[in-house]
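Working notes, structure below.
Protein chains: 2
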Amino acid sequence: MVQIAIMGYGVVGSGVAEVMLKNKKSIYHKAGQPIGISKILDVRNFPDSPLADKFTKNFDDIVNDPGIRIVVETIGGLTPAYEYVRRCLLAGKSVVTSNKELVASKGDELLAIARENNLNFLFEASVGGGIPILRPLDQCLAANEVYEIAGILNGTTNFVLTKMISDSMSFEDALKLAQQLGYAERDPQADIEGHDTCRKICILASLAFGRHVYPEQVHTEGISNITLDDVKYASAFDGAIKLIGRACKNSDGRLDCIVAPMIIPQASKLAEVNDEYNGILVRGDAIGDVVFYGRGAGKLPTASAVVADIIDEVKHLGARKYLSWDPGLKDYVSDYREAEYATLLRLRGSDLESALNKLEKALGKCTTVNAKDTPSDELALYTPVVCESLLDKAIESLNGVSLINRIRIASL
Amino acid sequence: MVQIAIMGYGVVGSGVAEVMLKNKKSIYHKAGQPIGISKILDVRNFPDSPLADKFTKNFDDIVNDPGIRIVVETIGGLTPAYEYVRRCLLAGKSVVTSNKELVASKGDELLAIARENNLNFLFEASVGGGIPILRPLDQCLAANEVYEIAGILNGTTNFVLTKMISDSMSFEDALKLAQQLGYAERDPQADIEGHDTCRKICILASLAFGRHVYPEQVHTEGISNITLDDVKYASAFDGAIKLIGRACKNSDGRLDCIVAPMIIPQASKLAEVNDEYNGILVRGDAIGDVVFYGRGAGKLPTASAVVADIIDEVKHLGARKYLSWDPGLKDYVSDYREAEYATLLRLRGSDLESALNKLEKALGKCTTVNAKDTPSDELALYTPVVCESLLDKAIESLNGVSLINRIRIASL
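Protein sequences, first through last, are from chains A and B.
Following our numbering, the numbering of the first sequence begins with 8 at its first residue and continues without gaps.
Following our numbering, the numbering of the second sequence begins with 8 at its first residue and continues without gaps.
Structure, rendered in structure tokens:
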């Protein structure tokens, strides 16, 4: 019998307990021995829970209990999760977490502590919810040079964009609907502004390319300034707007890593990922394109990924260290303005024709786009693939026109 | 340094050597130690290969070499692969194979020998080519009750069907094109008649549900009788015809397992799997639907899956036994005529109206389908969801009409 503790009995933490109790028999069979929940840390009381006698409000009860071999961290955020996880690892306990903020910010340090103490720090649930992605990616990496990862990594924003595209709902209405359906939190900033996606692409990029990528190194844009007109222009181009997290290896060994709404071709596998679903594209030299698709969030999908990690750890207690990467480096991620994209530009003003001429002089041939029911006083165009800093300069040089929006176009 | 041998230097075997040499450095890093190819078994000579000095025509050179810890079997078929693999395992060597026929027919026996000898028998490459599916499925299974697996598991037939659907090509022309492009073999029977898909669904079902499913237990239909008219009727129903391998757990503990062309809704994730690609849908109680997508065949994708298994085995020599299932049982797979499907029926004859009346009396309300440019002298209809044996009886009772085709409709 292996004893575990759960820290944080919110949506995911209580889901972990639920899955453990419900699938007890098959989990026993898979793990090779029974797994018991010996303590649960939460500031709240749960007198009606079948596990009511396991609750404690004191972290010391867990960290000082030598009987606990594995600690599940489902508190979320950095404080106190980071300190608690660190101390658990130093106390000789393996840790399983669903906390993407923790892994994205402190993954390299916590992995190193785990390695030094012959433990595991596991976080399959931190990316893609119930979709198995980190272990399969590790497996892909074994025999492939993976050169790009791109994904729709946040279900809330994908639900909002899908409603805008399919039902011509406004951003505000789509977000309200997402909140009503429980797909968006009351404070949806972390989702809408791209921070959640940023944390997830940091974790994927760190694993895929072997060196930690910190969230503050990644240029991050959200979807709050995407309008129905943008959606129409994208459709006219036979594309869909998706919030994409993307990381590619450059020939100089550095990474391009960015989070932004992008127009991707309808024929792309990621364009077909709709509603609250996630999709992750992995590109390798030998396998070509592989896509993983499923629910990226939700109580039971995420909990099932946590439980799969627990079972894996029970099977390999004191043995296998499987995930690992090196600490980050200051200039490891390239300036996003060095990356090259074709871009949709929407301009308004008195002299649009001379603006177009100026842009073409600076960037090369642009293509104007006409979409039904879009404002008649504006010019929409696609630039050729150019360096973003060049595009910035070209836009700055325009007189008498204002930029309504600009959206990158990615061939994914 | 771990020494391996490769048996069979065809497309996959030579691909394994190619990936091992090309990604030598990263493979060393991943495996924790260098891996050397010490012998290659093939009846042919390869004097120009960089590995020319490793070739042997004598299996004894491999099985009797105590320095060889892992043997890769890429011969294909049962003879002599089965005997060779058996003897390698008995001689204390772990085996990695891409041979789906071998795993589908003898997997339970070879897994048992591996287990008894504290070895691994690994076969990630046997299903889905380079798509990681067996380990992720094992991971999904850890915390989920998986209740259904369905997939497009054969790239050749999917390419042919895609060309029929998208370009209105005839079956014969599409098959010819597939052969020209190297997607279909000169003798395409195993693909076209569904046997390849059958082997793969046997492996997936064995792993997912814990008991061996033998190919002869699975009712298997190919796509050679699918015509452009069938495709048109499917489109009229907003569906696509795909060759599906499917396994579901019944409430009585037995399995429904079948390979057949099926009409699936355009909205299904599997309907979006086109050309030579594969897609595998896994349905579990906690994760919901997860889909894995990528190239299901080809030299390098398949070789990369073999190499990933080799690396995994090098990391766990003498340790982890990870895949396993029980031997099969005679009545474990239900009679396919017990399964319930809605079905597209195409009838021709003198008294179609009374045929429709008779069918509706026996089965319940049917829906007639009209599709553009289909034969005017026939009746096409969708039955309600009924047991196949009931449908058989109803069709037999019809007088003066002939059945042109019948195709199951599946909600995947």
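All C-beta atoms, glycine included, are put in the ideal place defined by N, C-alpha and C.
Quick caveat, the model's predicted, so the values are computed rather than measured.
For the options F244/B, L250/B, D68/B, the alpha carbon positioned closest to that of L352/B is the one of F244/B.
Taking 8 Å as the threshold, the shortest C-beta distance from D245/B to chain A does not fall below it. Rounded to the nearest whole angstrom, the C-alpha separation of N412/B and P268/B is 11 Å. Look at Q146/B: its C-beta is under 8 Å from a C-beta on chain A. As the crow flies, the alpha-carbon of F128/A is around 37 Å from that of G252/B. For R142/A, at least one C-beta of chain B is nearer than 8 Å to its own C-beta. Taking C-beta atoms as the reference points, K379/B and S404/B fail to come closer than 8 Å. When 9 Å is used as the limit between beta carbons, K207/A is near no residue of chain B, the shortest such separation being about 17 Å. If the five residues before and after C205/A are omitted, its C-beta is found closer than 8 Å to the C-beta atoms of A111, P222, V225, T227, G252, V266, all from its own chain and listed in chain order. With distances taken between CA atoms, I47/B lies nearest to G15/B out of P73/B, G15/B, G22/B. In the three-state DSSP reduction, D399/B falls in the helix class (H, G or I). If you check the CB distance, L182/B and L330/B do not come in under 8 Å.
DSSP links R302/A through a beta bridge to Y284/A. Around R302/B, the beta-carbon contacts reaching into chain A at under 9 Å are I294, G295, D296, V297. The beta carbon of L188/A does not come within 8 Å of any beta carbon belonging to chain B, so the residue lies off that interface. Here the alpha carbons of I156/A and L211/A stand approximately 8 Å from one another. By the C-beta density criterion, S418/A is exposed, having fewer than 16 other C-beta atoms within 10 angstroms. With respect to V220/B, L160/B sits apart: the two C-beta atoms are not nearer than 8 Å. The contact set of E279/B on chain A, defined by CB atoms closer than 8 Å, consists of K276, E279 in chain order.
Annotation for D333/A: D115, G217, R218, H219 place their beta carbon closer than 8 Å to its own, counting only its chain and skipping 5 residues before and after. Annotation: I233/B is outside any alpha helix (DSSP H) and is labelled neither H nor E by DSSP. Identification of chain B residues near V26/A by a Cβ-Cβ cut-off of 7 Å yields A150, A293, ordered along the chain. Pairing E152/A with S311/B gives a Cβ-Cβ distance that is not under 8 Å. With a beta-carbon spacing of about 34 Å, L97/B and V289/B fall beyond the 8 Å limit used to define contacts.
In this chain, the beta strand (DSSP E) harbouring D263/A covers 262–272.
For P139/A, at least one C-beta of chain B is nearer than 8 Å to its own C-beta. Rounded to whole angstroms, the separation of the alpha carbons of A88/B and L109/B is 7 Å.
In this structure G39/A is in contact with K322/A, their Cβ atoms being roughly 6 Å apart against a cut-off of 8 Å. For the region 46–63 of chain A, there are no residues whose beta carbon sits under 9 Å from a beta carbon of chain B.
For V92/A, the enclosing alpha helix (DSSP H) covers residues 88–97. Listed by position along chain B, the residues whose Cβ is nearer than 9 Å to that of I210/A form an empty set, because the closest Cβ is around 17 Å away. One thing to note: E80/B has its Cβ no nearer than 8 Å to the Cβ of V70/B.
In this structure G286/B is buried. Its beta-carbon is surrounded by 16 or more other beta-carbon atoms within 10 angstroms. By the beta-carbon neighbour count (other beta carbons within 10 angstroms, threshold 16), T350/B is buried.
Contacts with chain B at 8 Å (Cβ-Cβ) do not include P334/A. Taking a Cβ-Cβ threshold of 9 Å, the residues of chain A close to A310/B are A150, A293, in chain order.
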